[in-house]
Structure formats: C-alpha cells, structure tokens
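Below is one structure, written out as structure tokens; the observations come after it.
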Amino acid sequence: MSSYFPRAGAESRSHRSPLFQRSLLASVVLGLSAASGLAQAADAPACELDRSVRFGGMNWESNLVLTEVERFIADKGYGCKTEVVSVETLPALAALERGDLDVNSEIWLNSTFEPWQKAEASGRVKRIGDIYMGGEAWFIPRYTAERLPELKSAQDLPKFKDEFKDPEEPGKGRFYGCPAGWGCEVVSGNLFNALKLGDTFTLFSPGTGATQKAALTSAYQRKENIVFYYWYPTPLVGSMDLVKLELPAYDKDKHACLTDPNCADPQATAYPDNPVFTAVNTDFSEKAPKLTAFLAKVSVPLELMNQTMAHMEKTEGEPEDVAQWFLKEHGDVWTQWVPADVAERVKTAL
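Under the numbering used here, think of the first position of the sequence shown as 80, with each following residue one higher.
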C-alpha cells in the first residue's frame, strides 16, 4: 500500500536542502527583526502631548542656541515634535499667557520686570528654572575711552555729542539702543530720557538684533567712536574690547519704573545683575510634567555660555550646529537635566 507521507530519509534530506535552509534563515531573520521592532516600539518614548511643543524664538544668540538644545532633547529623548515661533520679547510674554507658546527659554527679568509680574500674577505662566546670571550696560570701545579720557559716565555724553555724530542728524550724537520690540528697548529708552539726552543725542533703535550687531561690528572695525547698549553673555561683547560707562547707583524702585513702558517719571539708575530664567505656560506644565521637570533643570554656568557664544562667533555656526556642539562636548552639564534613559537616547541620536 503506497503512502502519501515521505520516508524518514527523504524528510531528513529535504531539511538539509539549500532552499530549505535559506527559507529557514529568512524566517528566523524576519522573526528577530519583528521582535526587535516590537522591542524598539516598546522602548520608544511617547510624548506627553499629541501636538508640537511650541518654543518662543527670540532673535538673540544665546536664546536661539539654548532653544535648539532643548528641542533636540525633547525630540530625541522624549519623543516630542517641536516648533519655534519667531516673536519679540514682550509679545512672547503675552503669547505665553494665552497659550500660543508653551516655553520661553530665556526671560531676562530686569528687562521685563513689570510685565512679568503682571503675567505671573495671572496664574497663566510659571517661572520654573534659572539659566544663568546675565548683565547689561552702556558701552564705548576702549579706543574711544583712550581718545576721550574725560568721558567716564553716561551723564558726560552731552559734552561729547560731536564725537558720536549721527549720519542722519549731524548736529546730534547717535546712541545705539536696544532693537525695536525687545524688552530692553523700554529700559534703554526710559534711561535715555531720564538722563535727558534727547537734546544732544538721537536714540537709534535697530530693527533687529542682527542689524544692531552688524552696525556696531562695522563701526568697531573702522575704529569709529560708538556708544551703545548691549547685554552679555553675547559673541559681540566677548569679541570686542569695551569699557562700561558709569551710571548712577542701582536703585530697585527706579529700575522697576524703567521697565514699565508707561513709566511717568523715569530716573537714572545702573543695571543690576540680570537673572535669566525659563518660563512655561501653566496649562502646558500640567499636561506635560516630565517635559516641565526637564526644562526646570536647564542651567548653564555663565563661563560655559560665554564659551558657547565664542564658539558660535569663531565658527560662524548656525544655532542648530552650535547646539549639536554643545550636546557633544558638554554632556557633563546637560545630562544632569534629564533621567538616565533620556540621556542615553539623546547620546545615541548625536
């Protein structure tokens, strides 16, 4: 009686055939790939939000770099999509209150003191972490200080107006203030008025931070006399030899009025040290507690921020490039901001 089943010897030979072995190997590989894919899917982080995290993109270097560092960590470490909304200082604060922004990576307290107090009192925004201690001043180049040894303070400027001629109003000097729309524009404008410089100087507010930097850099390279407001840490202050003009002793109440766009009686006072901190929308902090915990720990030593700005100036790097450099070179700093598993995912992605 014939059988429909193969003999034992034939069965054994079929298992040893090249075709069978290739099929078996393919099945094993596919199985391992599927298992690996499932494992990776299980390990992949799930963002706390089902939409993009919205970062405020203020157009100064330290903020642009820091925002890109935070975005990379949020993306690779927490599995979140992110976007940058280009906005100026005071509109950004209003957008944070409304929830149009989730994160403002750098708020300079002394430039936004009154508006920030009002926003914080609303309960719609939260200050969650201190980044570093920045500074602000009115500067002249050292070569100008050597040419004009009697120019020591901002109050001396009217006597030297002809040394800083405004090309559009040659009868006056030009003072380069803060870029239009920035919080520091309010303070530098109020301080300019408090020092009663309007009769002898024009207050020039560049349209953007890039315009301001280009104008100052060009004048410095030509050894022209310039007087201007600037903040630090920045590539510009780090790359120039500058002298601060003296201002009247710091007074807390006077400075608070200088930060108010409606300051009725501005009075001159020096800039204090300027705390720079991270703020988030309150609703965002409640929906994304893990992201908020990470952002609250973001802190950069001032010396390291100076080094980062110097690297940006030297390499002429874009913010994304400088952020990658920071993450690769200074893991000892940023790994302190996140749990170990998040740090490993970020390192793998670099």
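Note that the Cβ used here is the ideal one computed from N, Cα and C, for glycine as well.
query, result
"Euclidean distance between Cα positions of Gln234 and Val182", "39 Å"
"Cα-Cα separation, Val377 to Pro249", "47 Å"
"Beta-carbon proximity check, Leu381 vs Gln403, cutoff 9 Å", "no"
"Complete beta strand (DSSP E) runs within the segment 227-306 (minimum length 3 residues, chain order)", "252-255 and 280-283"
"C-beta contact flag for Tyr309 and Leu295 at 9 Å", "yes"
"From Met391, Thr290, Val306 and Pro351, residue whose alpha carbon lies closest to that of Gly317", "Met391"
"Residue from Glu229, Thr279, Thr223 and Thr191 with nearest C-alpha to Gly260", "Thr191"
"Residue(s) in a DSSP beta bridge with Ser131", "Answer by DSSP bridge pairing: none, since Ser131 is not bridged."
"Given Arg150 as reference, the closest of Ser184, Thr168 and Asp129 once Cα atoms are compared", "Ser184"
"Endpoints, the alpha helix (DSSP H) within which Ala343 is located", "Careful: Ala343 lies outside any alpha helix (DSSP H) and carries neither H nor E."
"Simplified DSSP assignment, three categories, for Trp195", "helix"
"Whole-angstrom distance between Leu276 and Pro228, CA atom to CA atom", "20 Å"
"Every unbroken alpha helix (DSSP H) within the segment 319-402, with a cutoff of 4 residues, ordered by chain", "331-337, 361-366, 368-376 and 381-394"
"Identity of the residues DSSP links to Val163 by a beta bridge", "Phe134"
"Proximity test, Gly202 beta-carbon vs the ligand ATP heavy atom, cut-off 8 Å", "Here there are no bound small molecules, and the ligand ATP is not part of this structure."
"Distance between beta carbons of Ala422 and Val204, contact taken as under 8 Å", "Not a contact, Cβ separation roughly 28 Å."
"Spatial distance of Arg221 from Glu127 (CA atoms)", "51 Å"
"Three-state secondary structure assigned by DSSP to Ser141", "helix"
"Val182, enclosing beta strand (DSSP E) - first and last residue", "Val182 to Trp187"
"Ser141, buried or exposed, once every other Cβ within 10 Å from all chains shown has been counted against 16", "buried"
"From Ala343, Ala198, Gly158 and Ile210, residue whose alpha carbon lies closest to that of Ala171", "Ala198"
"Which of helix, strand or coil DSSP assigns to Asp179", "coil"
"Where Val421 sits in the DSSP three-state scheme", "helix"
"Same chain, Cβ closer than 6 Å to Phe373, five either side skipped, listed in chain order", "Trp416 and Val417"
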